[in-house]
Amino acid sequence: MNQTEDAKETVEEVPEDVVQLCRETFKKTAEYLHGELDGTIEDYKLLENMNRITINKYSEMKSTAEDIAGRLQTLNDKYKQLQPFLDQIDQIEESVNTLEQAAYKLDNYSKRLENRFKNLERR
């Protein structure tokens with residue numbers, strides 16, 4: 182016999198129930214692998230969706246940060262414009278304090294003069 186005839190005999194010698202079991206095994210293995218792949222595909226879809234949401238969230242955060250930076254710059258510019266007036270207010274406050282001290286001294290001096298004048302009138 183040659184090899185082809187041996188192979189035919191080997192194939193023909195396999196019982197039908199073994200062939201059926203092999204087919205069922207391959208079918209079940211294919212179903213299992215298909216299920217595993219479906220699960221993996223769903224995982225990747227979920228990851229893709231999460232990435233999309235994250236990109237959108239970071240985009241919103243970037244926009245908010247840029248808005249805050251712009252407003253902060255505007256606020257700093259306004260503060261720089263107000264700085265001369267704030268300096269004037271500080272100078273006026275110092276002048277008022279000096280004037281207040283002078284008024285207290287003048288009040289004390291006038292009270293002493295009044296007391297001297299009263300003392301002179303009594304004599």
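Each residue of the sequence shown is one higher than the last, beginning at 182 in this note's numbering. Note that the Cβ used here is the ideal one computed from N, Cα and C, for glycine as well. Keep in mind it's a predicted model, so treat the numbers as computed, not measured.
Judged by DSSP in its simplified three-state form, V200 adopts helix. Here T245 has no same chain residue with a Cβ atom under 7 angstroms from its own Cβ, once five neighbours each way along the sequence are excluded. In the three-state scheme derived from DSSP, where H, G and I count as helix and E and B as strand, V195 is classed as coil.
For R304, the secondary structure class from DSSP, reduced to helix, strand or coil, is coil.
Between the C-alpha atoms of T255 and P265 there is a straight-line separation of about 17 angstroms.
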